[in-house]
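J.: Next up is a structure, given as structure tokens.
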Amino acid sequence: MNWPGILLAGFAGTLVLTSLESGAQQLHLTRMSLPYLLGAMFTPSRDRAKVIGFFAHLINGQILALFYVAIFNAMGGSGAVRGMLIGLIHSAVVLLVVVPLLPSIHPRMASVHQGPTELRHIEPPGPLGLYYGVTTPVMVVLSHLAFGMVVGALYRFE
Amino acid sequence: MTTPIQDYAIVGDGRSAALISRGGSLDWLCWPRFDSPSLFAALLDEDRGGRFSIAPRRPFRSERTYLGDTNVLRTRFSAAGGELTLTDFMPVYTSVDARKHPHGGHELVRIARCESGQVELEIVFDPRPEYAVLVPEITALGKLGLRLDAGRGRLLTLLTDAPLGPEGQARIRMRSGEELHFSLGYANCAPATLPPPTAERCALLLEETLRLWREWASRTRYEGPARDLVVRSALLLKLLQYAPSGAIVAAPTTSLPERPGGDLNWDYRFCWLRDAALTARALFGLGHIAEADTFMSWLLNATSLSLPKLRVLYDLYGRKPAPERELPHLAGYGGARPVRVGNAAMSQVQLDTYGEVVEAAAYFIRSGGVFDRSIADLLCHFGCEVARSWREPDEGIWEIRGIPRHFTHSRVLCWSALHRLCELHEKGHLPGAPAAEFKRARDLIRLEVETLGWSEQLQSYTRTLAGGDVDSSLLLLPWYGYCAADAPRMRATWRRIHATLEVRPGLFRRYHGELTVGEGAFGICSFWAAEYLALGGGTLEEAEDHFEMLLGHANDVGLYGEEIEPETGGALGNFPQAYTHVGLINAALSMRNRLERGKREAQRARVRLAEARP
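Taken in sequence, the protein lines are chains E and W.
With my numbering, the residue at position 95 of the first sequence is 95, and numbering never jumps.
With my numbering, the residue at position 581 of the second sequence is 1581, and numbering never jumps.
Set out below in structure tokens:
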């Protein structure tokens, strides 16, 4: 395993993904903010959550890059196209599995069934993240494609 | 029937504001900022604008008040079966509270409580984002409340324990002691916060908000005439000061007509330089140093962005506002069209703004501030610009669209800018200023004003050089130190203005002209008159009489619009108007100063008398 390569690819891929998501937020294409949602698991403060979440997001990116490299190994090589293929599957898992689970696993997220409480008050993402805006699924797919492309393009086997 | 302008009251949080009618209808709200497109605009179009109304079924009587020295509004309805109170506020937080309690930064809380008997409550939640261009569908998500896509990724939510239908309407019978809670929220760039609409949370927010406003109001350093209205005015200024930048918007509304049913409809959700000095004086004078300092920071930052020219108005961050446009789909307040957003006055030239900025900077110094090198350079640049361009015509303080003219007020403000810069230079605050050049230009301006700006025929300073009419802005000449209030020419000018522009006792028009036909008396001009008398243009009693008359024209919760309709005493123009309240504060401060000076003189006289006795 090329550990420095994994670290570099994971770091660069996460930066690109975060920038795309942040840009989409500022362009009002989606209100989905993974750093905020991650950080809000640790603190009720919105401002602090965004900072903590950013670093948590970077660590997540490294771990996910490890998975991507494991799949590259199984496929017999890396590359931007292979990375994008994995990214597409990754985004599908996020939208179809992780997003519906969020209200159950996030300690501060409200659910449609129980409604908001003093502790659980963050708006849930809804099916495919559509509560955060109708273009949210598109942005999730695009940002994960970009993540996969960067990881695949930067990672080289030793 | 159109709700009279003075029947509105305001709630806000220093970022945005809502206007709520005496009948419990939220008819104007722009989120996330004062100058954002509206979400509710029934104020400008009763049918199409959108409202959020909570009130007993008609008929009812209502009276309202702010809860002490706060910006929390309480309306008390007396209906056939009982009494109901409606409490409206935008929560404000300290940074500690913000960490403890969930909030998304933009929230308006409404609490309806049946105080006695039984009341049938009618609720209408009908938002129309983007100045009512959008009519989106409300989505009911069960316990997550009602939500509405406000366009461009923005979300409006309403959480409530009231059984609202999916269209956002309900008719509910409330019994004595029952309460209903409504939390209106907004999110534009992250997942929304959905605060639980519980009695405990709303009570806690109310308590915190009341405490923070009361603490702030208690820091008002003023003992003198009309203390309640002075504090109310300070609370309004604080509410209209955009907290992230320090800018103060002239008013939170657009296109409320200055002439009933007419076309003098402008967007006031910007920051004008023309009242900068008066605003700085009001804030420093009341001891609200933090607010004055942030206002000065905004002012100096904004003006440095357009150096050496000054714009007439700036947006909340000191930038050039978007161009003016009309909204033809809105009927306008009382049919007054067009409804405008943006303000074309931004491209005008107003030479008086230099005097305003320099005078505000002088107040900053008088209140203990210190110029750094960049501010000193900035002021010197302004001085050089004035020395270069004071002979030019401009659009003047009233932003008269058309051919620029030579306004006496603008000339005097140019004089004031240069005079104040010379003073600051002599006191060592502007070491690099070209003082000789400034003095030469200043003296030439005075010569011109005293020859061309004075009419022997009228026995008055005139509105324009070599002109034949007067203007209320001339009452400010003593305020800027151009002449003493009791100087013979100034007294004569006062007599002419009093005879020509006073339309009802204490109420003054700005000037007579084509554009002013049908408009009301200007609130700030009327307060300038009271202040002129307090500065020495009249006796203290005359000043007090004038001031008292004006106080009677505030609405029931102590708010003023831009103008006062002479016949009815009703409000005209954008509402509430920061600068009318600035005028009130400054007149009160001048009267207090005169009162204290009189007391000190009486005391000295008593001491002299005692010493003279054997």
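Where a beta carbon is used, it is the ideal one built from N, C-alpha and C, also for glycine.
Between the alpha carbons of residue 1522(W) and residue 140(E), how many angstroms are there, rounded?
T.: Taking the second sequence and counting its residues from 1, the one referred to as residue 1522(W) is at position 522. Taking the first sequence and counting its residues from 1, the one referred to as residue 140(E) is at position 140. Answer to the nearest angstrom: the Cα atoms are 55 Å apart.
J.: Pair every Cβ in the stretch 1253–1266 of chain W with every Cβ in the stretch 1186–1206 of chain W, then say whether three or more of these pairs are closer than 8 Å.
T.: With a cut-off of 8 Å, the stretch 1186–1206 of chain W and the stretch 1253–1266 of chain W do not count as touching, because too few Cβ pairs lie within range.
J.: Quick one: is residue 112(E) near chain W, going by C-beta distance under 7 Å?
T.: The sequence position of residue 112(E) within the first sequence is 112, counting from 1. It does: the Cβ of residue 112(E) has a partner Cβ on chain W nearer than 7 Å.
J.: Which residue spans inside the stretch 1049–1127 of chain W form an unbroken alpha helix (DSSP H) run of at least 4?
T.: DSSP runs (the alpha helix (DSSP H)) wholly in the stretch 1049–1127 of chain W: 1095–1100.
J.: From the DSSP output, in three-state form, read off residue 1528(W) for me.
T.: Working through the second sequence from its first residue, we reach residue 1528(W) at position 528. Three-state DSSP puts residue 1528(W) in a helix.
J.: Which same chain residues, not among the five before or five after residue 1130(W), have their C-beta less than 6 Å away from its C-beta?
T.: The count along the second sequence starts at 1 and reaches residue 1130(W) at position 130. Correct list, in chain order: 1037, 1151.
J.: Would residue 1074(W) and residue 1067(W) be called neighbours here (beta carbons separated by less than 7 Å)?
T.: Within the second sequence, numbered from 1, the residue matching residue 1074(W) stands at position 74. Within the second sequence, numbered from 1, the residue matching residue 1067(W) stands at position 67. In this structure, residue 1067(W) lies closer than 7 Å to residue 1074(W) by Cβ.
J.: Would residue 1264(W) pass as an interface residue toward chain E - the criterion being a Cβ-Cβ separation below 7 Å?
T.: Walking along the second sequence from the start, residue 1264(W) turns up at place 264. Answer no: the Cβ-Cβ gap between residue 1264(W) and chain E never drops below 7 Å.
J.: Apply the 10 Å Cβ neighbour rule to residue 1347(W) and answer buried if 16 or more other Cβ atoms are within range, or exposed otherwise.
T.: Taking the first residue of the second sequence as 1, we reach residue 1347(W) at position 347. By the 10 Å Cβ count, residue 1347(W) comes out exposed.
J.: Can you list the residues of chain E that residue 1195(W) reaches, using a CB-CB cut of under 9 Å?
T.: For the purposes of this step, residue 1195(W) is taken as residue 195 along the second sequence, with counting starting at 1. Going along chain E in sequence order, the residues near residue 1195(W) (Cβ under 9 Å) are 116, 118, 121.
J.: Taking 7 Å as the threshold (beta carbon to beta carbon), is residue 1523(W) in contact with chain E?
T.: Working through the second sequence from its first residue, we reach residue 1523(W) at position 523. Not one chain E Cβ lies under 7 Å of residue 1523(W).
J.: Can you name the residues of chain W whose CB is closer than 8 Å to the CB of residue 37(E)?
T.: Residue 37(E) sits at position 37 when you count from the first residue of the first sequence. Under the 8 Å cutoff, chain W gives 1191.
J.: Do you know offhand how far residue 1021(W)'s Cα is from residue 1388(W)'s?
T.: In the second sequence, the residue the question calls residue 1021(W) occupies position 21. In the second sequence, the residue the question calls residue 1388(W) occupies position 388. The alpha-carbon atoms of residue 1021(W) and residue 1388(W) are separated by roughly 50 Å.
J.: Give me the chain W residues within the contact set of residue 82(E), using Cβ-Cβ distance strictly less than 8 Å, ordered along the chain.
T.: Stepping through the first sequence from its first residue, residue 82(E) is reached at position 82. Under the 8 Å cutoff, chain W gives no residues; its nearest Cβ is about 33 Å from residue 82(E).
J.: Do residue 1531(W) and residue 1587(W) have their C-beta atoms closer together than 7 Å?
T.: Sequence index remark: in the second sequence, residue 1531(W) carries index 531 (1-based). Sequence index remark: in the second sequence, residue 1587(W) carries index 587 (1-based). Yes; because the gap between Cβ atoms is below 7 Å, this pair is in contact.
J.: Of all Cβ atoms in chain W, is any one closer than 7 Å to the Cβ of residue 62(E)?
T.: The residue labelled residue 62(E) in the question sits at position 62 within the first sequence. No - not a single Cβ of chain W is within 7 Å of the one on residue 62(E).
J.: Kindly list the residues whose CB is nearer than 7 Å to the CB of residue 1307(W), restricted to its own chain and excluding five residues on each side of it in sequence; keep chain order.
T.: Stepping through the second sequence from its first residue, residue 1307(W) is reached at position 307. Closer than 7 Å at the Cβ level, and outside the excluded window around residue 1307(W), lie 1378, 1381.
J.: Ignore the nearest five residues each way along the sequence and tell me which others in residue 122(E)'s own chain have a CB closer than 8 Å to its CB.
T.: Locating residue 122(E) in the first sequence gives position 122, where the first residue counts as 1. So the list reads 37, 40, 106, 108, 109, 110, once near-sequence residues are dropped.
J.: Counting only Cβ pairs nearer than 7 Å, list the residues of chain E close to residue 1427(W).
T.: Position 427 of the second sequence, counted from the first residue, corresponds to residue 1427(W). Those do not exist, as residue 1427(W) stays about 42 Å from chain E at its closest Cβ, beyond 7 Å.
J.: If you measure from the beta carbon of residue 133(E) to each beta carbon in chain W, is any gap under 7 Å?
T.: Mapped onto the first sequence, residue 133(E) falls at position 133. Closer than 7 Å to some Cβ of chain W, the Cβ of residue 133(E) qualifies, so yes.
J.: In chain order, what residues of the same chain lie with their CB nearer than 8 Å to the CB of residue 1254(W), ignoring the 5 residues before and after it?
T.: Within the second sequence, residue 1254(W) is the residue found at index 254, counting from 1. Here the set comprises 1044, 1265, 1266, 1267, 1268, 1269, 1339, 1340, 1341, 1574.
J.: Between the C-alpha atoms of residue 1033(W) and residue 1563(W), what's the straight-line distance to the nearest angstrom?
T.: To locate residue 1033(W), count along the second sequence from 1; it is residue 33. To locate residue 1563(W), count along the second sequence from 1; it is residue 563. Rounded to whole angstroms, residue 1033(W) to residue 1563(W) spans 25 Å at the Cα level.
J.: Which chain W residues are close to residue 156(E), counting only those with a beta carbon under 8 Å from its beta carbon?
T.: Looking up residue 156(E) in the first sequence gives position 156. Near residue 156(E) there are no residues of chain W at all, since even the closest Cβ is about 37 Å away, more than 8 Å.
J.: Between residue 28(E) and chain W, is there a C-beta pair that is closer than 7 Å?
T.: Working through the first sequence from its first residue, we reach residue 28(E) at position 28. It does: the Cβ of residue 28(E) has a partner Cβ on chain W nearer than 7 Å.
J.: Identify every residue that forms a DSSP beta bridge with residue 1268(W).
T.: Residue mapping note: residue 1268(W) aligns to position 268 of the second sequence, counting from 1. Note: residue 1268(W) sits in no beta bridge, so no partner.
J.: Got a sec: is the Cβ-Cβ distance from residue 1144(W) to anything in chain E below 7 Å?
T.: One-based indexing of the second sequence puts residue 1144(W) at position 144. Chain E, which has a Cβ nearer than 7 Å to the Cβ of residue 1144(W), makes this yes.
J.: Considering only C-alpha positions, which residue in the set 1192(W), 1478(W), 1138(W), 1175(W) is nearest to residue 1166(W)?
T.: Within the second sequence, numbered from 1, the residue matching residue 1166(W) stands at position 166. Comparing Cα positions, the closest option is 1138(W).
J.: Report the neighbours of residue 1184(W) on chain E: residues whose CB is nearer than 9 Å to its CB, in chain order.
T.: As a first step, residue 1184(W) is located in the second sequence; it is residue number 184 there, counting from the start. Those within 9 Å of residue 1184(W) in chain E number zero; the least Cβ separation is about 14 Å.
J.: Alpha carbons only, please: which of 1519(W), 1487(W), 1289(W) is nearest the one belonging to residue 1368(W)?
T.: As a first step, residue 1368(W) must be located in the second sequence, where it is residue number 368. Residue 1289(W) is the option with its Cα nearest to residue 1368(W).
J.: Per the DSSP calculation, residue 1185(W) is bridged to which residue(s)?
T.: Counting from 1 along the second sequence, the entry for residue 1185(W) is found at position 185. Its beta-bridge partners are 1107(W), 1157(W).
J.: Taking all protein chains shown into account, decide if residue 113(E) is buried (16 or more other Cβ within 10 angstroms of its Cβ) or exposed.
T.: Numbered from 1 along the first sequence, position 113 holds the residue referred to as residue 113(E). Exposed, by the Cβ-count rule.
J.: List the residues of chain W that residue 33(E) touches, going by C-beta distances under 9 Å, in chain order.
T.: In the first sequence, residue 33(E) corresponds to position 33, counting from 1. Ordered by position in chain W, the residues that pass the 9 Å Cβ test against residue 33(E) are 1189, 1190, 1191.
J.: Please compile the residues from chain E whose C-beta is within a distance smaller than 9 Å of the C-beta of residue 1155(W).
T.: The residue you call residue 1155(W) lines up with position 155 of the second sequence. Those are 31, 123, 131, 132, 133, listed as they occur along chain E.
J.: Would you please state the rounded distance, in angstroms, between the beta carbons of residue 1027(W) and residue 1051(W)? I believe it to be under 8 Å.
T.: Locating residue 1027(W) in the second sequence gives position 27, counting from the first residue. Locating residue 1051(W) in the second sequence gives position 51, counting from the first residue. Their Cβ separation, rounded to whole angstroms, is 5 Å, which keeps residue 1027(W) and residue 1051(W) in contact under 8 Å.
J.: Buried or exposed: residue 1555(W), going by 16 or more other Cβ atoms within 10 Å of its Cβ?
T.: Residue mapping note: residue 1555(W) aligns to position 555 of the second sequence, counting from 1. Its Cβ being crowded by 16 or more others within 10 Å, residue 1555(W) is buried.
J.: Is it buried or exposed for residue 1213(W), if we count other Cβ within 10 angstroms and need 16 for buried?
T.: Taking the second sequence and counting its residues from 1, the one referred to as residue 1213(W) is at position 213. Residue 1213(W) is buried by the Cβ-count criterion.
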